[in-house]
Amino acid sequence: MDEEIKMAFEKSLELLKVAELTFNNEFYADSINRSYYAVFHAANALLLKKGYLLKHTEEL
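Count along the sequence shown starting at 1, add 1028, and that's the number in the numbering used here.
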């Protein structure tokens, strides 16, 4: 489980970097999309730490 938490958090950080890059290059819709998934993976990491398991964004 700890590895899943780490992977979800790392994915969140990666997506946040991509969101920043796309924003800086004026790809705003892509930046919003990547930001959304960065938040999803960060929330998933926190919920995994609390013992919950999410498979889809609809479960948030």
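Ideal placement from N, C-alpha and C gives every residue a C-beta, glycine not left out.
So, using beta-carbon positions, are residue i and residue j closer together than 9 angstroms?
i, j, result
"ALA1070", "ALA1036", "yes"
"SER1063", "LEU1081", "no"
"THR1050", "SER1040", "no"
"LEU1076", "GLU1038", "no"
DSSP state of residue i, grouped into three classes?
i, result
"TYR1080", "coil"
"ASN1072", "helix"
Alpha carbon to alpha carbon, how far is residue j from residue i? Give it in angstroms, no decimals.
i, j, result
"LYS1078", "ASN1072", "10 angstroms"
"ALA1057", "ASP1030", "33 angstroms"
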